[in-house]
Amino acid sequence: MKVLGIDYTFFAVSDMQKSLTFYRDLLGISLARLILEETWAEFEINPGTLILGHGDSFTHPGGGMVALAVDDAEAAMEELKQAGVSVYWSLEETPVCYLAIVEDPDGNRIIIHQRKDRTVG
């Protein structure tokens, strides 16, 4: 077997409307489709897809992480803090990047990530 890449990241959520507000409205990620009577939402983030699932057919909320590339991690974190988003890990500088971890309404952890060389993916 050979893994070719990541096709999508999936999070189970407890409240689709709160999650749509967080990902679409607060983080500014474009909603590609909302299907199955609002139990499945897909957000296109080139080069991948973020999927949210709500309902009994999905596992319990929480677990897993996705790293979102941003152009200015410090400004992004300030905006998220002002919006009252829970910060799990404060902004930190590493030799290659800046990163912080925030939590969505279900406690799913989202990495806010900025590479120093400005590459994405």
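According to the working numbering, the sequence shown is numbered sequentially starting from 654.
Where a beta carbon is used, it is the ideal one built from N, C-alpha and C, also for glycine.
Query                                                                                                                      : Result
V723 beta carbon less than 8 Å from that of I764                                                                           : no
Closest residue to I698 among D725, F663, E731 and M669 (Cα-Cα distance)                                                   : F663
Whole alpha helix (DSSP H) elements within the segment 659 to 731, 4-residue minimum                                       : 669 to 673
Which residues DSSP lists as bridging Y751, in chain order                                                                 : E746 and Q767
Chain-order list of residues whose beta-carbon lies under 7 Å from that of S743 (same chain, five-residue window excluded) : A753
Alpha-carbon to alpha-carbon, S667 and D759                                                                                : 7 Å
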